[in-house]
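The structure appears below as structure tokens.
Number of protein chains: 2
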Amino acid sequence: MTDRSDSIGIVQPHDCFFSEGIRLHSGQILAPVSIRYETYGTLSEAKDNAILIEHALSGDAHAAGYYTENPNEKPGWWDSMIGPGKPFDTNRYFIVCSNVLGGCSGSTGPGSVNPATGKPYNMSFPVITIEDMVDAQRKLKEHLGIQKWLCVAGGSMGGMQAIQWGIKYPDEMDSIIAIATTARISAQSIAFNWVGREAIMDDQDWNGGNYAEQPEHGLATARMLAHITYLSEESMRQKFGRRLQSSEDYSYAFKKDFSVESYLEHQGSRFVERFDANSYLYITRAIDYFDVAGRHDGELKKAFSKVTCPFLVVSFSSDWLFPPAQSKELVRALLANDIDTTYCNIESSYGHDAFLLEEATLGRMLSGFLDNLYVKKGEAK
Amino acid sequence: MTDRSDSIGIVQPHDCFFSEGIRLHSGQILAPVSIRYETYGTLSEAKDNAILIEHALSGDAHAAGYYTENPNEKPGWWDSMIGPGKPFDTNRYFIVCSNVLGGCSGSTGPGSVNPATGKPYNMSFPVITIEDMVDAQRKLKEHLGIQKWLCVAGGSMGGMQAIQWGIKYPDEMDSIIAIATTARISAQSIAFNWVGREAIMDDQDWNGGNYAEQPEHGLATARMLAHITYLSEESMRQKFGRRLQSSEDYSYAFKKDFSVESYLEHQGSRFVERFDANSYLYITRAIDYFDVAGRHDGELKKAFSKVTCPFLVVSFSSDWLFPPAQSKELVRALLANDIDTTYCNIESSYGHDAFLLEEATLGRMLSGFLDNLYVKKGEAK
Chain G
299 MTDRSDSIGI VQPHDCFFSE GIRLHSGQIL APVSIRYETY GTLSEAKDNA ILIEHALSGD
359 AHAAGYYTEN PNEKPGWWDS MIGPGKPFDT NRYFIVCSNV LGGCSGSTGP GSVNPATGKP
419 YNMSFPVITI EDMVDAQRKL KEHLGIQKWL CVAGGSMGGM QAIQWGIKYP DEMDSIIAIA
479 TTARISAQSI AFNWVGREAI MDDQDWNGGN YAEQPEHGLA TARMLAHITY LSEESMRQKF
539 GRRLQSSEDY SYAFKKDFSV ESYLEHQGSR FVERFDANSY LYITRAIDYF DVAGRHDGEL
599 KKAFSKVTCP FLVVSFSSDW LFPPAQSKEL VRALLANDID TTYCNIESSY GHDAFLLEEA
659 TLGRMLSGFL DNLYVKKGEA K
Chain R
299 MTDRSDSIGI VQPHDCFFSE GIRLHSGQIL APVSIRYETY GTLSEAKDNA ILIEHALSGD
359 AHAAGYYTEN PNEKPGWWDS MIGPGKPFDT NRYFIVCSNV LGGCSGSTGP GSVNPATGKP
419 YNMSFPVITI EDMVDAQRKL KEHLGIQKWL CVAGGSMGGM QAIQWGIKYP DEMDSIIAIA
479 TTARISAQSI AFNWVGREAI MDDQDWNGGN YAEQPEHGLA TARMLAHITY LSEESMRQKF
539 GRRLQSSEDY SYAFKKDFSV ESYLEHQGSR FVERFDANSY LYITRAIDYF DVAGRHDGEL
599 KKAFSKVTCP FLVVSFSSDW LFPPAQSKEL VRALLANDID TTYCNIESSY GHDAFLLEEA
659 TLGRMLSGFL DNLYVKKGEA K
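Top line first, the protein sequences correspond to chains G and R. Using the numbering used here, you'd call the opening residue of the first sequence number 299 and step up by one each time. Using the numbering used here, you'd call the opening residue of the second sequence number 299 and step up by one each time.
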């Protein structure tokens with residue numbers, strides 16, 4: 299049972315529907331588009347206290363609070379950071395979080411029904427990009443009547459969206475927080491994503507994307523593989539080492555002898571229950587394609603030439619998926635554009651997952667950055 | 299066409315057959331056992347110039363030379379190191395390399411026929427260990443009439459076998475060379491092996507190990523995943539970066555857009571042609587189980603208490619599969635036992651694969667170490 303005393307409490311999801319859809323980066327029109335979102339806190343009369351929270355690959359719109367009174371229910375994925383008195387303080391801010399386009403938790407994605415056929419899109423869903431996700435969120439912003447975000451913030455793929463917001467709509471936010479993220483992923487990350495997708499597409503149950511039941515084995519394998527990249531070698535050593543599941547000797551059979559094997563299988567099985575295989579394909583591809591320097595001949599500096607608002611960039615020392623060097627490259631590009639940039643590489647053994655686990659240290663960074671903004675904004679009035 | 303002028307030339311494989319088999323570490327008897335091996339150079343009259351070369355996971359007995367005059371044939375896997383005038387100098391030494399027990403290139407493995415049933419063992423093959431591989435090689439040693447190896451040398455899993463030789467048969471070699479290896483793999487490596495095996499076993503063509511045709515997709519996925527761990531992030535960046543296969547834009551489809559994707563798929567396809575899926579399961583499990591400190595309460599020092607011969611230990615700076623820290627741990631345990639130990643961490647961007655690629659630097663290390671041994675041995679006469 300979780301202590302809910304410091305939580306925002308019971309929340310509920312909303313949907314907004316855009317019949318005109320959006321023009322995708324690939325040139326295709328996707329219509330209609332529906333976006334699932336949640337809000338926490340109250341929008342000020344001046345509508346100047348709204349913060350957009352961006353979720354990572356396997357996240358959703360449910361960032362904080364609970365849906366029911368069930369004492370066993372787990373809170374939203376960033377409940378440690380969002381709530382009354384927390385870094386994203388719902389006593390001050392109006393927090394918005396939406397499920398990404400291409401997702402499987404309420405927003406339009408490959409599992410949605412194609413109105414032209416009356417059947418799910420599946421693999422006929424157009425390939426989407428991080429920019430498309432942001433464009434869909436911008437429709438939500440208009441729908442909510444917000445002119446300017448106080449902040450756009452996210453970790454991992456959420457950080458990519460935050461960066462993309464700054465580049466595409468530089469006048470529409472007062473600040474950006476980019477945590478454990480990158481302006482473009484490495485060849486190694488592209489390779490891991492490729493192998494994960496191969497595992498899904500090789501599962502006979504995938505059936506070209508037209509499945510009634512999930513391709514469980516393939517999706518679990520993709521998740522287990524990805525999960526290894528979210529942890530650091532050090533955290534796996536500390537958490538599991540070479541410990542056996544039973545205290546006895548090896549089984550000399552192909553069983554889950556090691557604790558780490560049992561843990562991974564558990565992660566795979568849980569993921570299959572809550573995430574759609576086709577969405578996994580589309581979202582990882584959007585991550586691969588994300589490269590803010592792509593249309594600027596690889597020079598990161600040019601990509602940020604129109605950005606004006608301050609940035610907070612946070613990396614974690616043991617993150618080898620989106621390593622600190624990539625954050626530093628991002629910071630150099632921001633500074634080269636004379637952008638007010640706060641950067642911290644937090645010492646942590648948790649690897650990439652640190653953005654969800656280093657609550658105390660990350661919380662202080664976020665609070666400090668947001669407090670400063672809030673005070674400045676108050677003074678400006 | 300390869301220049302063969304510095305090669306040992308045409309070689310041929312041999313088989314030796316042990317009808318009595320061997321008692322495995324698990325307690326089972328495996329009989330009969332057949333071992334495929336090759337030799338290069340000439341055994342001296344005193345039989346004191348024999349060096350055992352140990353292959354890695356996907357290697358075989360064909361370490362040097364060619365089978366045919368076909369100018370397109372590739373030489374054995376370590377031809378750069380073994381031959382006349384090379385570090386493992388066939389003018390001086392008698393080189394032996396055998397395919398491991400559990401392998402699929404001539405030695406008894408899961409694909410061999412079980413004499414009790416007249417059918418291939420497949421998954422009824424007993425789970426084998428690195429120690430079992432060494433015990434099978436010891437039979438070969440007896441068969442060849444060699445009392446003491448001048449050296450036992452190997453990289454990666456080959457290094458594990460070399461270490462195991464030293465621990466189990468400390469009086470039967472004059473030296474040990476352990477390259478890019480470890481006394482026990484990490485939780486992270488166990489996890490990668492687990493995911494690779496899951497990919498194979500989830501392939502419907504695997505069929506519980508009873509396949510007529512290889513489970514190609516699963517085995518290719520396992521290989522692609524493993525291949526990522528053999529390269530370093532830096533080498534992948536240098537080799538591929540985010541380069542596209544075609545000079546045009548993204549496909550906005552699930553094609554091989556990135557060069558690294560195309561490369562990986564090629565590696566997967568090639569592997570399926572030459573390696574057996576069940577062997578992959580058994581050999582990776584043997585790697586997982588390898589832990590020389592296992593029966594010594596995790597203390598590595600005790601494991602080497604009976605070792606007397608000098609060691610050469612080599613690691614590579616960018617190897618993240620069996621990182622330098624693991625070699626240093628090994629070196630500390632050797633030094634704590636007052637074992638004459640030469641250690642070098644070679645600066646390289648090639649990752650784990652450096653043991654096959656850093657020919658010049660590694661070659662000099664090997665030559666120096668072996669020369670020293672050879673001269674000492676000559677003086678002692």
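Backbone N, C-alpha and C define an ideal beta-carbon position, used for all residues, glycine too. All values reported here derive from a predicted model rather than from experimental measurement.
The straight-line gap separating the alpha-carbon atoms of E571 of chain R and V394 of chain R is approximately 26 Å. Beyond the five residues adjoining it in sequence on each side, H353 of chain G comes within less than 6 Å, by CB distance, of G456 in the same chain, given in chain order.
Boundaries of the beta strand (DSSP E) harbouring E336 of chain G: 331 to 338, taken from the DSSP string. For A414 of chain R, the secondary structure class from DSSP, reduced to helix, strand or coil, is coil.
Beta-bridge pairing by DSSP links F609 of chain R to R:I474, R:T639. For Y364 of chain G, the beta-bridge partners assigned by DSSP are G:I308. Counting C-beta pairs with one atom in each stretch, the segment 512 to 520 of chain G and the segment 496 to 503 of chain G have three or more that are closer than 8 Å, which means they touch.
From the beta-carbon of T519 of chain G, the residues of chain R found nearer than 8 Å are V493, E496, A497, D500, T519. Annotation: the continuous beta strand (DSSP E) that includes L350 of chain G extends over 348 to 352. Q624 of chain R counts as buried, since no fewer than 16 other beta carbons sit within 10 angstroms of its beta carbon.
Counting only the Cα atoms, I475 of chain G lies some 25 Å from G307 of chain G. Taking the Cα positions, G592 of chain G is about 12 Å away from I483 of chain G. Taking 7 Å as the upper bound on Cβ-Cβ separation, chain G lies near residues R482 of the segment 460 to 483 of chain R.
Residue G:P382 holds the alpha-carbon nearest to the alpha-carbon of Y338 of chain G among G:A658, G:P382, G:D586, G:T480.
The beta-carbon of F556 of chain R is placed less than 7 Å from the nearest beta-carbon of chain G. Taking 7 Å as the cut-off between beta carbons, the residues of the segment 530 to 552 of chain G near chain R are E531, M534, R535, F538, G539, R540, Y548, Y550, A551, F552, in sequence order. Taking each of R:D589, R:G507, R:H650 in turn and checking the Cα distance to D547 of chain G, the smallest one comes out for R:D589. Contact check for Y641 of chain R against V611 of chain R passes: the beta carbons are separated by less than 7 Å. In this structure, D574 of chain G keeps its C-beta atom at 7 Å or more from the C-beta atom of G404 of chain G. It is roughly 48 Å from the alpha-carbon of S396 of chain R to the alpha-carbon of Y550 of chain R. In terms of Cβ geometry, L438 of chain G and Y364 of chain G do not form a close pair [threshold 7 Å]. Scanning chain R for C-beta atoms nearer than 7 Å to the C-beta of V425 of chain G yields Y550, A551, reported in chain order.
Just measuring C-alpha positions, the residue of R:T415, R:F392, R:N420 sitting nearest G401 of chain R is R:N420. For Q486 of chain R, at least one C-beta of chain G is nearer than 7 Å to its own C-beta. The Cβ of E559 of chain R sits closer than 7 Å to at least one Cβ of chain G. Taken residue by residue, none of the segment 627 to 660 of chain R has a beta-carbon sitting less than 9 Å from a beta-carbon on chain G.
The C-alpha of V605 of chain R lies about 39 Å from the C-alpha of T519 of chain R. For A591 of chain G, there is no enclosing alpha helix (DSSP H), as DSSP marks it with neither H nor E.
Pairing S560 of chain R with Q536 of chain R gives a Cβ-Cβ distance that is not under 7 Å. When the Cα atoms are used, L328 of chain R and G357 of chain G turn out to be separated by approximately 50 Å. M455 of chain R is outside the set of residues whose beta carbon lies under 7 Å from a beta carbon in chain G.
In the three-state scheme derived from DSSP, where H, G and I count as helix and E and B as strand, A344 of chain G is classed as coil. Note on the segment 510 to 543 of chain R: there is no whole beta strand (DSSP E) run with a minimum of 3 residues. In this structure, the beta-carbon distance from D472 of chain R to L448 of chain R falls below 7 Å. Note: R482 of chain R is bridge-paired with R:D589 in the DSSP secondary-structure output. Sorting G:K600, G:R630, G:I488, G:S646 by C-alpha distance to the C-alpha of D617 of chain G places G:S646 at the top.
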